[in-house]
Amino acid sequence: MLREREPERQETPQSDQNWLNPDVLQAARQVYRVYLRVHARQMRRPAGVIVNSLTHQSWLIFSSRPILLPGEQFIPVENIDSELS
1 MLREREPERQ
11 ETPQSDQNWL
21 NPDVLQAARQ
31 VYRVYLRVHA
41 RQMRRPAGVI
51 VNSLTHQSWL
61 IFSSRPILLP
71 GEQFIPVENI
81 DSELS
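Take the sequence shown: its letter number 71 is residue 71 in the UniProt record's numbering, and every next letter is one higher.
Following this line, the structure appears as C-alpha coordinates:
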(Lines of atoms letter the chains of each structure in order from A and count residues from 1; the text may use other names and numbers.)
(Lines give C-alpha, C1' and ligand atoms only; values in the text may rest on other atoms or scores of the structure.)
Protein backbone atom coordinates (compact mmCIF):
# COMPACT_ATOMS: atom_id res chain seq x y z
CA MET A 1 0.00 0.00 0.00
CA LEU A 2 1.44 3.35 -1.03
CA ARG A 3 0.92 6.47 1.02
CA GLU A 4 1.20 9.97 -0.31
CA ARG A 5 3.97 12.07 1.09
CA GLU A 6 2.94 15.09 3.08
CA PRO A 7 4.14 18.35 1.56
CA GLU A 8 7.10 19.90 3.34
CA ARG A 9 6.37 22.97 5.39
CA GLN A 10 8.19 26.06 4.33
CA GLU A 11 9.10 28.64 6.92
CA THR A 12 8.10 32.20 6.13
CA PRO A 13 10.70 34.82 7.07
CA GLN A 14 9.54 36.96 9.99
CA SER A 15 10.50 40.14 8.15
CA ASP A 16 7.86 39.37 5.52
CA GLN A 17 4.56 40.78 6.77
CA ASN A 18 2.42 39.50 3.88
CA TRP A 19 1.29 36.54 5.99
CA LEU A 20 0.26 38.65 8.99
CA ASN A 21 -3.38 39.18 9.72
CA PRO A 22 -4.07 42.96 9.87
CA ASP A 23 -5.84 42.50 13.22
CA VAL A 24 -2.74 40.82 14.65
CA LEU A 25 -0.54 43.66 13.44
CA GLN A 26 -2.95 46.22 14.88
CA ALA A 27 -2.87 44.48 18.28
CA ALA A 28 0.96 44.55 18.21
CA ARG A 29 1.00 48.26 17.34
CA GLN A 30 -1.47 49.06 20.10
CA VAL A 31 0.51 47.36 22.89
CA TYR A 32 3.73 48.96 21.61
CA ARG A 33 2.17 52.46 21.52
CA VAL A 34 0.95 52.10 25.10
CA TYR A 35 4.43 51.04 26.18
CA LEU A 36 5.96 54.08 24.49
CA ARG A 37 3.51 56.44 26.21
CA VAL A 38 3.89 54.95 29.68
CA HIS A 39 7.67 54.42 29.62
CA ALA A 40 8.81 57.36 27.50
CA ARG A 41 11.64 58.45 29.82
CA GLN A 42 13.08 55.13 30.89
CA MET A 43 12.34 53.20 27.75
CA ARG A 44 14.09 49.91 27.19
CA ARG A 45 13.56 48.93 23.58
CA PRO A 46 11.67 45.64 23.24
CA ALA A 47 12.63 43.06 20.61
CA GLY A 48 9.03 42.81 19.49
CA VAL A 49 5.50 41.83 20.37
CA ILE A 50 3.98 38.37 20.66
CA VAL A 51 0.32 38.23 19.63
CA ASN A 52 -2.10 35.35 20.04
CA SER A 53 -3.73 34.97 16.61
CA LEU A 54 -7.10 33.91 18.04
CA THR A 55 -7.57 36.20 21.04
CA HIS A 56 -5.26 39.06 19.94
CA GLN A 57 -3.83 39.09 23.45
CA SER A 58 -0.40 40.75 23.17
CA TRP A 59 2.85 40.83 25.14
CA LEU A 60 5.99 42.90 24.73
CA ILE A 61 9.06 40.70 24.55
CA PHE A 62 12.60 41.80 25.33
CA SER A 63 14.36 38.58 24.34
CA SER A 64 15.72 38.40 20.80
CA ARG A 65 14.78 34.69 20.62
CA PRO A 66 11.21 34.35 21.87
CA ILE A 67 9.59 31.00 22.48
CA LEU A 68 6.15 30.90 20.91
CA LEU A 69 3.19 28.77 21.88
CA PRO A 70 0.87 27.36 19.23
CA GLY A 71 -1.27 30.14 17.79
CA GLU A 72 1.19 32.91 18.66
CA GLN A 73 3.08 35.13 16.25
CA PHE A 74 6.16 37.27 16.86
CA ILE A 75 6.22 40.71 15.26
CA PRO A 76 9.66 42.36 15.45
CA VAL A 77 9.66 45.93 16.75
CA GLU A 78 11.35 47.07 13.52
CA ASN A 79 8.21 46.10 11.61
CA ILE A 80 6.00 47.98 14.08
CA ASP A 81 8.28 51.06 14.18
CA SER A 82 8.35 51.32 10.39
CA GLU A 83 4.55 51.31 10.35
CA LEU A 84 4.26 53.98 13.06
CA SER A 85 6.75 56.42 11.51
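Beta carbons are placed, not taken as given, at the ideal position from N, Cα and C, and that holds for glycine.
Enclosing beta strand (DSSP E) for residue i [first to last residue]
| i | result |
| --- | --- |
| L60 | S58 to I61 |
Residue i (DSSP reduced to helix, strand or coil)
| i | result |
| --- | --- |
| N52 | strand |
| I75 | strand |
| S82 | helix |
| E6 | Bear in mind that the predicted position of E6 carries a pLDDT of just 48, short of 50, making it unreliable; the figure below should be weighed with that in mind. Note: E6 maps to coil in three-state DSSP. |
Residue i and residue j closer than 8 Å at C-beta
| i | j | result |
| --- | --- | --- |
| P66 | I50 | yes |
| A40 | F62 | no |
Span of the alpha helix (DSSP H), counted from its first residue to its last, around residue i
| i | result |
| --- | --- |
| P22 | P22 to V38 |
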